[in-house]
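Just below is one structure, and these are the notes that go with it.
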Amino acid sequence: MSFNVGGIDRTVRIVIGLGLIALAFFHVFTGTFAIVAYVVGAIAIVTGVFRFCPAWALFGINTRSAKEVK
Numbered sequence: 364m365s366f367n368v369g370g371i372d373r374t375v376r377i378v379i380g381l382g383l384i385a386l387a388f389f390h391v392f393t394g395t396f397a398i399v400a401y402v403v404g405a406i407a408i409v410t411g412v413f414r415f416c417p418a419w420a421l422f423g424i425n426t427r428s429a430k431e432v433k
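In the numbering used here, the protein residues as written are 364 to 433.
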């Protein structure tokens, strides 16, 4: 498994994931929308932490810079 999520993409994923989970946790989002927020937030955090996104791999997208590849 090669990394395909770059530094900025990684940071954005983690921040958005934490934000979605926080909004659901503090009942800003409720019901089905809260469940979706938990799932999408968890996926965003996991892909950010492991620096690999299966969707990016499927479409051949790589957001890593040339510096990060070395």
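Virtual Cβ for every residue (Gly too), placed ideally from N, Cα, C.
- Between Ala-400 and Ala-418, the C-beta gap is not smaller than 8 Å, which leaves the two residues out of contact.
- Shown here for Gly-411: same chain residues with a beta carbon closer than 6 Å to its own, the five before and five after excluded, namely Arg-373, Arg-376 and Ile-377 in chain order.
- Burial is judged here by how many other beta carbons sit within 10 angstroms of a residue's own beta carbon; Leu-383 has at least 16 and is buried.
- Annotation: the stretch 387-432 contains the following complete segments of the alpha helix (DSSP H) (minimum length 4 residues), in chain order: 394-413, 417-422 and 429-432.
- C-alpha of Ala-407 to C-alpha of Ala-429: approximately 23 Å in a straight line.
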